[in-house]
Amino acid sequence: MIEGVSIYEILTLSTLIFFIGVFGFFTRKNLIAMLMSIELILNSAAFNFVIVNKYLYPEQLDGGIFSLFIIAIAAAETALALAIIINLYRLVMSLNTDKLETLKN
Amino acid sequence: MNWNTFLLMRHEIVLAITILILLLADIFTDDKKKVNIIAIVLFAIHTVIGLLPLETGTLFGEMFVTTPLIAAFKNILNIGVLLILLISSSWVNAKMLPLKKVGEFYVLIIASLLGMFYMISSGHFIMLYIGLELATLPVAALASYDVFSRKSSEAGIKLILSAALSSGILLFGISIMYAISGSLYFSQMAGEFGYSYLSILGLIMIFSGMAFKISLVPFHFWTADVYEGAPTPVASFLSVISKGAAVFMLMILLFKVFPDMKWVWTYLLYGIAILTMFVGNLFALRQQNLQRFLAFSSVAQAGFIMMGLLSADQLAVSAVIYFIAIYVLSNIVIFGAVQMIGLASDKWNIDDYNGLYRTNPKISLALMIGLFSLAGIPPIAGFFGKFFLYVVAASQEYYWLIFIAVVNVTISLYYYLLVIRAAFLRKSDNPIPHFTSDIFAKIGIGVASAILLGLGIYSPFYDYINSISNIF
């Protein structure tokens, strides 16, 4: 609990972060920027879990534990995505999605 | 503590041991061809052990749940993966042996299957999330497996980015549901939601997270690109095993965790089923590349499956499981045939198949059985799968939906027949030359087509599924 901050304000913040992430994912053309947007989305979800746990159900631990798992798995995901991005960069010498795309309808 | 209760996780334990043995075998054998055979033999043993009966029970304070239905579904997935491994052994020998990556291929595929097992027997959302990620990450690594091919890397990055986005949306939905119900256990969350805007938002977010994995229509953009770019065995794994497990998980979530929101998700499913069928079919019509063609056909099939989820009772469960089992086998046969032809001649377009029957009659017949099964031609099992889905929709009196589905079956019949016409009726000056494949691939495709033909006539399989699906 933070003094003077209600759950409405703090949930608005986490929802904003979530939608900034979704917006960034669909508008960015750079693969690393897309990865950063995904991190925003995942972190907003982890944030949400901690807030809900702390404000609404302070006697539980579920939300906090869940956010730890989210952080750990997000790291694994990012590592794999970065490995693929490095390989792609070696092949194409670019990270711009317009230049990368060869598979299309 | 009674250690026997851990045997409820028998599928997972045997699978984990298989992975460990394979890792060791990969280190200590010099002849990598042996690893191939070891992997297939070990997985066959695992499949046979999986068929032994398993009790109902829970582990780790209800985090892990197993019922006869879940065990039966795991067996269906096991048989599917075994057939894929059999069919793809020649591909592994041809492409992975020179790179010395045979062991990795099997370890990644089996690790992904392990994730799916944990996902479908989860009783808690943390378990679901970990299982889902364990199921997805190895497949992304597999899709970008051919490190020297630009297409393969592109498929990998598309898969991992869309999977990460979908799990982010799923997590946000779960956090909303946690705020409403105060628990993350499926059994405690059931019936806690009712009528509020927040719960509808959470349901839609969780649904769209799963819809990415099943490639339902607003979320299907990655499907065709990934299937085309990824190596064929991986595309085949992704289209049958991943999709089947995700559908099963969605079914558990909708029927078990959100039964009181049925009025929301029936509207969702109704709309998405219609959209998915039409978009999948209309895009499949204009494809030349077979892997892209199969990708859109699998999108359309996912639309049919959604039709079976509409009624939330025993009928729906058994119809969906039966359809998935048939769909897994038919798609494995088609992907297997495409892969063998592609490996032998490096030809991937429908027009290249002109005159195939004259040079390679057996594989054309297998291809025909698989395509007829997907299209739903009566003597073959696929017809019955579709029929039971119609029965589910009819039991809820959604006659318009059935009408639209029948229109879509007609469209799909047209494009499936295009492939068959190319293989059987068209003539070509230089058809694909005659080729022979190794014994494993022959067994795999032969067994899968035989089961497809047999299940159309042999009904006790459906009765068996129907008898165990009263668990929900």
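Quick mapping for you: the protein sequence lines, in order, are chains A and B.
Using this note's numbering, you'd call the opening residue of the first sequence number 1 and step up by one each time.
Using this note's numbering, you'd call the opening residue of the second sequence number 1001 and step up by one each time.
From the three backbone atoms N, C-alpha and C, an ideal C-beta is built for every residue, glycine too.
| query | result |
| --- | --- |
| Alpha-carbon spacing of B/N1466 relative to A/Y57, whole angstroms | 41 Å |
| Reduced DSSP secondary structure (H/G/I, E/B, other) of B/S1242 | helix |
| 7 Å Cβ cut-off: residues of chain B touching A/N48 | F1172 and S1175 |
| Coil, strand or helix - A/T78 by DSSP | helix |
| Stretch pair the region 1213-1230 of chain B + the region 1179-1193 of chain B: three plus CB contacts closer than 8 Å | no |
| B/V1065: first and last residue of the uninterrupted beta strand (DSSP E) it sits in | F1064 to T1066 |
| Coil, strand or helix - B/G1131 by DSSP | helix |
| Per-residue contacts from B/V1407 into chain A (C-beta, under 7 Å) | Within 7 Å Cβ-Cβ: nothing; B/V1407 doesn't reach chain A, min ~23 Å. |
| Chain A contact for B/S1153 (CB, 8 Å cutoff) | yes |
| CB of B/G1131 within 8 Å of CB of B/Y1185, strictly | no |
| B/T1066 vs B/S1112 beta-carbon contact at 8 Å | no |
| Chain-ordered residues of the region 55-67 of chain A with a beta carbon less than 8 Å from chain B | L56, Y57, Q60, D62, G63, I65 and F66 |
| Residue span of the beta strand (DSSP E) that contains A/T27, given as start and end | Where A/T27 is concerned, there is no enclosing beta strand (DSSP E), although the alpha helix (DSSP H) it sits in stretches over I7 to T27. |
| Endpoints, the alpha helix (DSSP H) within which B/T1005 is located | Where B/T1005 is concerned, there is no enclosing alpha helix (DSSP H), given that its DSSP letter is neither H nor E. |
| Among B/M1009, B/I1169, B/Q1314 and B/S1298, nearest to A/E39 - alpha-carbon criterion | B/I1169 |
| Beta carbon of B/V1081 nearer than 8 Å to that of B/F1105 | no |
| C-beta neighbour in chain A for B/Y1415, strict 8 Å | no |
| Under 8 Å by beta carbon: chain A residues contacting B/L1137 | A76, E77 and L80 |
| Contacts around B/S1153, its chain only, beta-carbon distance under 6 Å, and the 5 residues preceding and following it disregarded | S1144 |
| 8 Å Cβ cutoff, B/E1192 in contact with chain A | no |
| Contact with chain B by A/N30, beta-carbon distance below 8 Å | no |
| Beta-carbon neighbours of B/E1012, restricted to chain A and to distances below 7 Å | Near B/E1012 there are no residues of chain A at all, since even the closest Cβ is about 18 Å away, more than 7 Å. |
| Cross-chain neighbours of B/G1156 in chain C, by beta carbon under 7 Å | Of the protein chains in this structure, namely A and B, none is chain C. |
| Sequence-distant residues of the same chain with beta carbon closer than 7 Å to B/Q1287, five excluded per side | F1293 and F1296 |
| Chain B contact for A/I70 (CB, 8 Å cutoff) | yes |
| Beta strand (DSSP E) segment containing B/T1058, residue limits | G1057 to L1059 |
| Whole-angstrom distance between B/G1385 and B/M1177, CA atom to CA atom | 34 Å |
| Under 7 Å by beta carbon: chain B residues contacting A/L42 | G1168 and L1171 |
| CB contact below 8 Å: A/F23 versus chain B | no |
| Environment of B/H1434 [buried if 16+ CB atoms lie within 10 Å] | exposed |
| Reduced DSSP secondary structure (H/G/I, E/B, other) of B/S1122 | strand |
| Rounded Cβ spacing between B/V1217 and B/T1266 (contact assumed at less than 8 Å) | Actually they do not touch by this definition, with Cβ atoms about 17 Å apart. |
| Rounded C-alpha distance that separates A/F23 from A/I85 | 21 Å |
| Near the ligand ATP: B/I1076 beta-carbon under 7 Å from a heavy atom | The ligand ATP is not part of the structure shown, which contains no ligands of any sort. |
| Helix, strand or coil at B/Y1398 [DSSP, three-state] | coil |
| B/A1344 and B/I1445 closer than 8 Å at C-beta | no |
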